[in-house]
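Here is the structure we will look at.
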Amino acid sequence: MKRLANFLLAMLIVVLMQPSSIFAAPLTGSELKELLINPDYVTSYNSGVCSSDATLSGATIPPDVKQNIDKLLPAYQKAAEQTGVPWQLLAAVHYREANNNPSQDLQAGNPLGGGGSQYADYTGARPSTIEASAVMAAQQLISKAAAGVVKLPINTSNPDSAAIKDALFGYNGRAGVYAQQAADLGFDAKTQPFEGSPYVMNNFDAKHQNMKIITRDFGGLDGIDARLGAFTVYSMLGGASGGATCSTGSTGSIVAKALEYAWHDGRRTFELTPAYAKAISDAQAKGEFVGGLSHPGVDCGGFVTRVMRDSGVAPDYNGYQQGTIMQMKWMRDHPEKYQELTSVGSTADLQPGDIAVNTSHTFLYVGQQPDYQGATAESSLNGYAPTGNPAHGLTTFSWFRVIQ
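Structure below.
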């Protein structure tokens, strides 16, 4: 009880000392209560495990599993250092295979050192430690990613979310019935089969809640999965916010606000979404930059400015109150807040919330999101209101990331 009391007191102090970018508004009494009874509401133990973001269904990691992850974190991190695969991904695989039991491996939840399922993919001596098992799992995941449908590396600092999902799907066996379940959920069975896998996606969001699952070898969908998917756990641990650096919510807030303001179906129109129309009206009333000519807010720089400011992540973003050239200058003039990325060649080098800008255009990378067409959110000066777009011209832009 003393340990719990100290933990709750420490958590309260952390909340009171956090910058405003973590919360869109001051905590209410009910939110503070939620924080105290559910540490995952914002942040977990001091090893850096983060909260679930706005895309999750509201499910939380079971307390006993969190304790196991905390205990095994050094082993996961050592394996990550050796292989380049995020430790969060290794912890998530271990959750699905063994509830992060310190005595069971990541391959199939078998006892460390021997025994267990004939279907476990051992390529040599059975691992006798969690670290060795995690290294083996990382190598298997890298191989599965290379052989999958996305074909992007996962052993990078900021792996693509779709590549992570695809690697997990391969790790679990790529059952065809799950590809069909992906189609039933509205995804492309050929390019997004992993969206139908409960091993990967269960309870990630409303669409993926209580997914059907195979409960016997070589069987059909004959049960309902009650556990979290591996990608769900990966996201809850901060993995989807970028590599081994845990995000406190800034990048998630940027993406959530961009998705709130943008059309999700990729339409080209001058019409603003209701939320963005109100944001533009409010900004105009305060004399803030919105861009656009005959259509206020229909402007790339106006959109990015509104997202960054209204998300609470950067209330002073684009302090020069001008277009893309001066927005780029603003970020370069504030290196304490914005990291300029180098060598961006593909989406594997990006994480959701990154800002693209050059002398004539700017947009936000949001990654793959449920029911959202494209990987970016952007507008065009008197061309179209904020909407989804495929990732494009990555090497022709300067890229910036908010420093957590």
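Residues in the sequence shown are numbered consecutively from 1, following my numbering. Positions of the beta carbon are idealized from the N, C-alpha and C atoms, including for glycine.
Tell me whether residue i is buried or exposed, calling it buried when 16 or more other Cβ atoms sit within 10 Å of its Cβ.
{"i": "H392", "result": "exposed"}
{"i": "Q321", "result": "exposed"}
{"i": "L12", "result": "Confidence at L12 is low in this model, with a pLDDT of 49, below 50, so its placement is unreliable and no value can be given for it."}
{"i": "K190", "result": "exposed"}
{"i": "F303", "result": "buried"}
{"i": "I164", "result": "buried"}
{"i": "G345", "result": "exposed"}
{"i": "Q107", "result": "buried"}
{"i": "I69", "result": "buried"}
{"i": "G367", "result": "buried"}
{"i": "T376", "result": "buried"}
{"i": "S235", "result": "buried"}
{"i": "I213", "result": "buried"}
{"i": "G148", "result": "buried"}
{"i": "T96", "result": "According to the sequence shown, residue 96 is Arg rather than Thr. Buried is the call here."}
{"i": "T83", "result": "buried"}
{"i": "G388", "result": "buried"}
{"i": "D333", "result": "exposed"}
Note down the Cα distance separating residue i from residue j, rounded to an integer number of angstroms.
{"i": "V150", "j": "A162", "result": "7 Å"}
{"i": "R227", "j": "L221", "result": "15 Å"}
{"i": "S379", "j": "A258", "result": "11 Å"}
{"i": "T60", "j": "W330", "result": "38 Å"}
{"i": "A138", "j": "F194", "result": "18 Å"}
{"i": "T129", "j": "A80", "result": "15 Å"}
{"i": "K78", "j": "A91", "result": "12 Å"}
{"i": "V49", "j": "G312", "result": "Any answer about V49 is weak, because its pLDDT of 35 lies below 50 and its placement is not dependable; what the coordinates show is given next. Those two C-alpha atoms are separated by around 22 Å."}
{"i": "P198", "j": "D310", "result": "34 Å"}
{"i": "I154", "j": "S281", "result": "42 Å"}
{"i": "I37", "j": "R268", "result": "Residue placement at I37 is poorly supported in this model, since its pLDDT is 33, which falls under 50; the coordinates are not used for a value here."}
{"i": "V402", "j": "Y365", "result": "12 Å"}
{"i": "E131", "j": "G374", "result": "37 Å"}
{"i": "T342", "j": "F400", "result": "9 Å"}
{"i": "S103", "j": "F204", "result": "27 Å"}
{"i": "T156", "j": "M136", "result": "17 Å"}
{"i": "M326", "j": "G223", "result": "56 Å"}
Residue i: which of the options sits nearest, CA to CA?
{"i": "K71", "options": "N101, A206, T83 and A92", "result": "N101"}
{"i": "T218", "options": "T305, G173 and P63", "result": "It should be noted that the sequence gives Phe, not Thr, for residue 218. Out of T305, G173 and P63, G173 has the C-alpha closest to the C-alpha of F218."}
{"i": "G383", "options": "P296, A279 and S117", "result": "P296"}
{"i": "E271", "options": "A283, S253, E288 and D299", "result": "D299"}
{"i": "Q339", "options": "Y234, S235 and D354", "result": "D354"}
{"i": "P370", "options": "I154, A120 and G186", "result": "G186"}
{"i": "A277", "options": "E260, G287, R268 and G266", "result": "E260"}
{"i": "T324", "options": "L341, V290 and K337", "result": "V290"}
{"i": "A167", "options": "Q192, N318 and A120", "result": "Q192"}
{"i": "K337", "options": "D316, A179 and A356", "result": "D316"}
{"i": "A314", "options": "D188, S253 and G287", "result": "S253"}
{"i": "A75", "options": "A283, A120, P127 and S117", "result": "P127"}
Assuming contact is defined by CB atoms lying nearer than 8 Å, are residue i and residue j in contact in what I supplied?
{"i": "T255", "j": "P352", "result": "It is worth fixing the name first, because residue 255 is Val in this sequence and not Thr. The answer is yes: Cβ separation under 8 Å."}
{"i": "R412", "j": "A279", "result": "Outside the displayed range of the chain (1 to 404) lies residue 412, so it cannot be described from this structure."}
{"i": "P335", "j": "G239", "result": "no"}
{"i": "D160", "j": "T347", "result": "yes"}
{"i": "L152", "j": "S133", "result": "no"}
{"i": "G292", "j": "T362", "result": "no"}
{"i": "T232", "j": "N202", "result": "yes"}
{"i": "N358", "j": "T395", "result": "no"}
{"i": "Y122", "j": "H264", "result": "no"}
{"i": "L141", "j": "L73", "result": "no"}
{"i": "S398", "j": "M328", "result": "yes"}
{"i": "V65", "j": "A230", "result": "no"}
{"i": "A182", "j": "G196", "result": "yes"}
Between residue i and residue j, how many whole angstroms is the CB-CB distance? I'm expecting something under 8 Å.
{"i": "P390", "j": "A262", "result": "14 Å between Cβ atoms; not a contact."}
{"i": "G170", "j": "K144", "result": "3 Å"}
{"i": "N158", "j": "D349", "result": "6 Å"}
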